[in-house]
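A quick write-up on the structure given underneath.
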Amino acid sequence: MARWARWLGSWEAQQQALLPRREERFSLICAALATGCGTSPRVLDLGSGPGSLALRVVRCLPGSEVVAVDRDPVLLEIGRRALVRRPQVSFADRDLADPLLPELGSGFDAAVSSTALHWLDEAALARLYRSLALMLRPGGIFLNADHLPRSGGAIEELVGELEKGAEEGRPQPAPSGARSWDGWWAIAESAAELSEAVAERRRREHHHPQRSVPVPLEHHRQALRDAGFAEVGCLWQHLNDRILVAVR
Ligand SMILES: C[S@@+](CC[C@H](N)C(=O)[O-])C[C@H]1O[C@@H](n2cnc3c(N)ncnc32)[C@H](O)[C@@H]1O
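Under the numbering used here, the sequence shown has 188 at position 174, and the numbering climbs by one with no breaks.
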């Protein structure tokens, strides 16, 4: 158990090093759930990894139930083992872009996501948003914290420059250390307790996409509206780091 808690802890440290405002985003998502969905919501965590956001949700709302959805066998293994004493969190091994995702259930009060949906291309996002419209109850909310740039123009150029400056001013984790993405994965790939999950991850060829241009904010907004969401807005923003909010 302690070993799995350490794996979860090292994941948290690695993500925190990449995203200095990660905890602020988590807190706001939890506050929005508490305000908008009451004390015992049923929640989906999309691209949950080892359940970082799911854990924040059940800590903040002990009456909640979270289905954490991911298709990375290594992160699912860490999450299932580390959160074994949190029965309100269950993990589902699913591809978010699978049109059969709604088999996971319906009537959810909310769906949340953190630093995950930028892995999906336009077509996959459109499929996911159509699935979400079926899975959330009317009035249910979707909260997506991610890097969500707009599609161009002078403001976007300015924001891009400011982000570049902020990135350069931040201390960068050593590329082979546990706090960098590649370093963390290199350590995980050589750990005996993760060897089966690592082999399955390789078999699935599940890796961070090498996309140079992220899917723009406008596409997310339009795809959510096309899927049937009644309202789409922005709950929080720091440069292009945003929490997008949509009401079903
Ligand atoms: C950077 S991690 C973020 C994990 C977690 N939400 C957090 O904030 O720590 C991105 C996650 O999205 C998951 N993911 C990406 N594409 C996916 C897909 N098509 N289906 C399911 N999960 C996916 C990855 O496996 C990974 O766990």
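Glycine included, every Cβ here is placed at the ideal spot set by N, Cα and C.
Enclosing alpha helix (DSSP H) for residue i [first to last residue]
i       : result
Gly-197 : 195-203
Glu-79  : Where Glu-79 is concerned, there is no enclosing alpha helix (DSSP H), although the beta strand (DSSP E) it sits in stretches over 79-84.
Ser-209 : 209-218
Ala-58  : With the sequence shown as reference, residue 58 is identified as Leu, and Ala is not the correct amino acid for it. Note, Leu-58: premise wrong, no alpha helix (DSSP H); beta strand (DSSP E) at 56-60.
Glu-91  : 87-96
Ala-68  : 66-74
Coil, strand or helix - residue i by DSSP
i       : result
Val-173 : helix
Ala-192 : coil
Ala-137 : helix
His-233 : helix
Asp-109 : coil
His-132 : helix
Pro-116 : helix
Ser-165 : coil
Arg-184 : coil
Gly-179 : helix
Arg-39  : helix
Arg-239 : helix
Arg-99  : coil
Identified DSSP bridge partners for residue i
i       : result
Gly-247 : Val-259
Leu-47  : DSSP lists no partner for Leu-47.
Ser-104 : Val-81
His-252 : Asp-255
Limits of the unbroken beta strand (DSSP E) element including residue i
i       : result
Pro-152 : 150-161
Gly-19  : It is Ala, not Gly, that sits at residue 19 in the sequence shown. No beta strand (DSSP E) holds Ala-19; the alpha helix (DSSP H) holding it covers 16-32.
Val-227 : Val-227 -> no beta strand (DSSP E), and no H or E assigned at all.
Ser-127 : 122-128
Selected residue, minimal CA-CA separation from residue i, among the options
i       : options                               : result
Leu-118 : Leu-142, Ala-130 and Thr-129          : Leu-142
Gln-28  : Arg-144, Met-149, Pro-152 and Thr-129 : Thr-129
Pro-113 : Met-149, Val-103 and Val-98           : Met-149
Arg-56  : Leu-208, Ala-168, Val-126 and Glu-136 : Val-126
Val-261 : Arg-216, Arg-193, Trp-25 and Leu-47   : Leu-47
Leu-97  : Gly-77, Val-83, Asp-109 and Ala-68    : Ala-68
Trp-199 : Val-88, Ala-168, Phe-243 and Glu-37   : Val-88
Cys-74  : Ser-41, Val-103, Ala-206 and Ala-82   : Ser-41
Cys-44  : Leu-249, Asn-254, Ala-140 and Asp-109 : Leu-249
Arg-144 : Leu-238, Ser-190, Ser-209 and His-221 : Leu-238
Arg-164 : Arg-36, Asn-254, Arg-85 and Ala-211   : Asn-254
Phe-156 : Leu-176, Gly-50 and Asp-107           : Gly-50
Asp-240 : His-222, Arg-217 and Ala-137          : Ala-137
Ala-111 : Gln-224, Arg-85, Pro-76 and Val-71    : Arg-85
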